[in-house]
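**Q** Residue numbers (my numbering): 172 to 478.
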Amino acid sequence: PNLERLVLEECTSLVEINFSIENLGKLVLLNLKNCRNLKTLPKKIRLEKLEILVLTGCSKLRTFPEIEEKMNCLAELYLGATSLSELPASVENLSGVGVINLSYCKHLESLPSSIFRLKCLKTLDVSGCSKLKNLPDDLGLLVGLEKLHCTHTAIHTIPSSMSLLKNLKRLSLRGCNALSSQVSSSSHGRKSMGVNFQNLSGLCSLIRLDLSDCDISDGGILSNLGFLSSLKVLLLDGNNFSNIPAASISRLTRLKSLALRGCGRLESLPELPPSITGIYAHDCTSLMSIDQLTKYPMLSDVSFRNC
């Protein structure tokens, strides 16, 4: 009854955790990482003192218990690389949780709409959830959210409420190719990324934005980057645009690092903010002109390899 830490990492013979786990009322840490044959947890869980729950790598685990009562102490929940297809709506009872990691849950198709009630949530990671097509409409009500990682998901829209995430500092949409399926015609007759980037315009605290490998073409999203007044790191590797609008990027007065690796259609670089310290443009094979680099007093790291 006095046990506070239970670590059963890589116990490959463990198949089930039964309801008796609730007798461990003082349990603070439960670590079942890489228990690859674990299939069953109790249908309901009530561990009032639990602060950290690790189920990462429990690849046969398909369901997560109902949270029967408030578990205010749980701060970190790691569910990466499990076979969960959803989380129960009762996840809202994890009122103190700060980190939810669902990365590489290949069967995860949705997040519960009740997740917006987690006012203490600072980090949400759904990277590699290849069946996840939508983020909850009320995502913007996660007022404390600072990091949102959606790398290599099937997300095809950005919720309009996302502009309310005033504390968001890091956003990764790397490899979200489905975003580019929402296309519109540009003035040059080409198709451009039609995702409503104004939905991100309120992200006044955003420091790092990763839009690499999103199949971005000219226009659209690139024309609206200037809204992100706090941005320091912009990753645009592996996209299909031929230019970056000067009027947009010049407004990023705090930008330090710009990554354009593998942008094979990029023909020119505009004038960049004087704050820039690093430019990384490997394999930009169509690049023909760049601005005079000596005008940037803080520039210390430049790579134009194979351009």
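The C-beta atom is built at its ideal place from N, Cα and C for all residues, glycine as well. Please read all numbers here as calculations on a predicted model, not as lab measurements.
For serine 376, I'd like the list of residues in its chain whose CB is within less than 7 Å of its CB, leaving aside the five on either flank, ordered along the chain.
**A** If you number the sequence shown from 1, residue 376 lands on position 205. Correct list, in chain order: Lys337, Asn338, Leu339, Lys340 and Ser401.
**Q** Taking the alpha carbon of proline 283 as the reference point, which residue from Ser274, Asp296, Val268 and Leu310 has its own alpha carbon closest?
**A** Start at 1 with the first residue of the sequence shown, and residue 283 comes out as number 112. It is Leu310.
**Q** Taking only runs of the alpha helix (DSSP H) that begin and end inside the region 276-302, which ones reach a length of at least 4 residues, in chain order?
**A** Taking only runs of at least 4 residues, no alpha helix (DSSP H) segment lies wholly in the region 276-302.
**Q** In chain order, what residues of the same chain have a beta carbon less than 7 Å from the beta carbon of alanine 417, not counting five sequence neighbours either side?
**A** For this step, residue 417 is matched to residue 246 along the sequence shown. Hits under 7 Å: Pro441 and Glu442.
**Q** Following the continuous alpha helix (DSSP H) through alanine 418, name the residue where it begins and the one where it ends.
**A** By 1-based counting over the sequence shown, the position of residue 418 is 247. That run of the alpha helix (DSSP H) goes 417-420.
**Q** Along the chain, where does the beta strand (DSSP E) that runs through aspartate 386 open and close?
**A** Stepping through the sequence shown from its first residue, residue 386 is reached at position 215. Where aspartate 386 is concerned, there is no enclosing beta strand (DSSP E), given that its DSSP letter is neither H nor E.
**Q** For phenylalanine 287, does the count of other Cβ atoms within 10 angstroms reach 16, so buried, or fall short, so exposed?
**A** The sequence position of residue 287 within the sequence shown is 116, counting from 1. With 16 or more other Cβ atoms within 10 Å, it is buried.
**Q** Report yes if the CB atom of aspartate 384 is closer than 8 Å to the CB atom of phenylalanine 412, and no otherwise.
**A** Counting from one through the sequence shown, the residue named residue 384 turns up at place 213. Counting from one through the sequence shown, the residue named residue 412 turns up at place 241. It is not a contact, given that the beta carbons lie outside the stated cut-off.
**Q** If you check the beta carbons only, do cysteine 276 and leucine 250 fall under 8 Å apart?
**A** For this step, residue 276 is matched to residue 105 along the sequence shown. For this step, residue 250 is matched to residue 79 along the sequence shown. The answer is yes: Cβ separation under 8 Å.
**Q** I need the DSSP call for glutamate 317, collapsed to helix, strand or coil.
**A** The residue you call residue 317 lines up with position 146 of the sequence shown. Note: glutamate 317 maps to coil in three-state DSSP.
**Q** Indicate the three-state DSSP secondary structure (helix, strand or coil) for asparagine 264 in the structure shown.
**A** For the purposes of this step, residue 264 is identified with residue 93 of the sequence shown, where counting begins at 1. Helix at asparagine 264.
**Q** Out of curiosity, what's the CA-to-CA distance linking valine 297 and cysteine 321?
**A** Position 126 of the sequence shown holds residue 297. Position 150 of the sequence shown holds residue 321. If you take the alpha carbons of valine 297 and cysteine 321, they lie about 5 Å apart.
**Q** Whole angstroms are fine: how far does the CA of valine 262 sit from the CA of leucine 245?
**A** Here the question's residue 245 lines up with position 74 in the sequence shown. Here the question's residue 262 lines up with position 91 in the sequence shown. Near 11 Å, if we compare the C-alpha coordinates of valine 262 and leucine 245.
**Q** State the DSSP-derived secondary structure class of threonine 183, mapped to helix, strand or coil.
**A** To locate residue 183, count along the sequence shown from 1; it is residue 12. In this structure, threonine 183 counts as coil in the three-state DSSP scheme.
**Q** Just to confirm, are aspartate 308 and serine 281 a CB contact at a threshold of 8 Å?
**A** Within the sequence shown, numbered from 1, the residue matching residue 308 stands at position 137. Within the sequence shown, numbered from 1, the residue matching residue 281 stands at position 110. No.
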